[in-house]
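Enquirer: Here's a structure for you.
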Ligand SMILES: [Zn+2]
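Numbering (our numbering), first residue to last: 10 to 400.
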């Protein structure tokens, strides 16, 4: 979506700034006016970790006049594989301080504000209200829903990014123009199914891919120089070297940005995320799946049918044309790369409960075109192939 520039270009550039930002100013889409807008902009980055590292460096290089860093952690050796704003000499020291030092060393003409505290329901609105937009560089769901809700209440753009293993995704949520994070994911994944880079791993360079896209989105919002990912999720799958864009829409019943919001203030997000159990998805019916299987010959309607049961169950009976990828291998992230991001996936199990769990996990990992078969293979056998064995 193309939007008008968010930030006004009131502050003129000094000669020193014109020299420094010449490669931007040469771009007609940016020009002096765009660079003045960037100089006037105030951007808050939550987290100076994997995504925060490239985000902060590129924002600073671009000349964003005021950058806020919200971070309370310290630098650890295992961070340095991807959190390249920090250095070996900073191990054990404050990430916020370390990031500020590097940012000002890159560009001393800008201002950096440190918020060395955990973002909470108590401080979020006060911190965020002073900025034009927020970039999410965190890796936990409680903070992500908190940022979303605070940005909706303040009507600020929220540039979300997330990475896990070899996959990454981003979008821009902005109440004024389109959906919010809750429209996409009304509930967090069940607490026992949360994908985490600490346990599942992450390819360090994924941070640069997604982080730099977040910065480009920020500059697009500030200057109006390019399309903004509102109402769209852009995914990158490193294993397939492919980008994929999916449209998402505003949920008129969304609890925070819908027509009659039931949430009008911030809540306890730890509690909200810790008390989630799997929400039952109605799934697709046997006849819908049968129709999809017939239409599958047309390449445009191709999809992957995945049996998430155990191998022994698959050997006993299965739906023709399906592949077996066991539930635990998906939930551990181990076999995530066997699933395509660019085409639909339909999951099935025996009766629909395991596939429902995997569905919740996959959707939160960017597999937005995933569905599952209601009633599982038992429903399929009953309606379609009654001579096959049941168990
Ligand atoms: Zn919403």
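Glycine included, each C-beta is placed from N, C-alpha and C at the ideal position.
1) Could you have a look at residue 160 and say whether DSSP puts it in helix, strand or coil?
2) Residue 218: which of 283, 46, 361, 92 sits nearest, CA to CA?
3) What residues are listed by DSSP as bridge partners for residue 379?
4) Since residue 359 and residue 322 should fall inside the 8 Å C-beta cutoff, what is the C-beta to C-beta distance between them, to a whole number of angstroms?
5) Where the beta carbon is closer than 5 Å to any heavy atom of ligand 1, which residues qualify, in chain order?
6) From 265, 295, 77, pick the residue whose C-alpha is nearest to that of residue 135; which is it?
7) Mind pulling the alpha helix (DSSP H) runs of 4 or more residues that sit fully within the region 71-130?
8) Quick one: grab the DSSP three-state call for residue 389.
9) For residue 67, I'd like the list of residues in its chain whose CB is within less than 8 Å of its CB, leaving aside the five on either flank, ordered along the chain.
10) Which residue from 20, 75, 286, 181 puts its Cα closest to that of residue 259?
11) Mind the definition here: the region 127-141 touches the region 49-69 only if three or more C-beta pairs lie below 8 Å; say whether that holds.
12) Classify residue 5: buried if its beta carbon has 16 or more other beta carbons within 10 angstroms, exposed otherwise.
13) Go ahead and label residue 234 buried or exposed: buried means 16 or more other beta carbons lie within 10 angstroms of its beta carbon, across all protein chains shown.
14) Once you ignore the five residues that flank residue 313 on each side, which residues in its own chain have a CB closer than 8 Å to its CB?
15) For the putative contact between residue 398 and residue 325, defined by C-beta atoms under 8 Å, what is the C-beta separation to the nearest angstrom?
16) Using only the alpha-carbon positions, how far apart do residue 213 and residue 69 sit?
17) Where do the N-terminal and C-terminal ends of the alpha helix (DSSP H) with residue 323 fall, by residue?
18) Would residue 154 be called buried (16 or more neighbouring beta carbons within 10 Å of its own) or exposed?
19) Going by Cα to Cα distance, which pick from 229, 376, 386 is closest to residue 295?
20) Fully enclosed by the region 16-67, which beta strand (DSSP E) runs are 3 residues long or longer?
Expert: Reading it off the structure:
1) Position 151 of the chain shown holds residue 160. The answer is helix: DSSP assigns residue 160 an H, G or I state.
2) Within the chain shown, the letter at position 209 stands for residue 218. Comparing Cα positions, the closest option is 92.
3) Start at 1 with the first residue of the chain shown, and residue 379 comes out as number 370. Beta-bridge pairing links residue 379 to 354.
4) Position 350 of the chain shown, counted from the first residue, corresponds to residue 359. Position 313 of the chain shown, counted from the first residue, corresponds to residue 322. Yes, they are in contact, since the Cβ atoms of residue 359 and residue 322 sit about 7 Å apart, within 8 Å.
5) 189, 191, 192, 263, 266
6) Walking along the chain shown from the start, residue 135 turns up at place 126. Here the closest residue by C-alpha is 77.
7) 104-115
8) In the chain shown, counting from the first residue as 1, residue 389 sits at position 380. In this structure, residue 389 counts as helix in the three-state DSSP scheme.
9) Looking up residue 67 in the chain shown gives position 58. Answer for residue 67: 220, 221, 224, listed in chain order.
10) Reading the chain shown from its first residue, position 250 is the one you call residue 259. Nearest option by C-alpha distance: 181.
11) yes
12) Past the boundaries of the shown model lies residue 5; the chain is included only from 10 to 400, so the question cannot be answered.
13) For this step, residue 234 is matched to residue 225 along the chain shown. Buried is the call here.
14) As a first step, residue 313 is located in the chain shown; it is residue number 304 there, counting from the start. Hits under 8 Å: 332, 348, 349, 352, 353, 354, 355.
15) On the chain shown, position 389 is the one that residue 398 refers to. On the chain shown, position 316 is the one that residue 325 refers to. That pair is a contact at about 7 Å.
16) Here residue 213 refers to the residue found at position 204 of the chain shown. Here residue 69 refers to the residue found at position 60 of the chain shown. Each residue's alpha carbon lies about 21 Å from the other.
17) Looking up residue 323 in the chain shown gives position 314. Per DSSP, residue 323 belongs to the alpha helix (DSSP H) from 320-325.
18) Within the chain shown, residue 154 is the residue found at index 145, counting from 1. Per the 10 Å Cβ criterion, buried.
19) For the purposes of this step, residue 295 is taken as the residue at position 286 of the chain shown. Comparing Cα-Cα distances from residue 295 to each of 229, 376, 386, the minimum goes to 386.
20) 51-55
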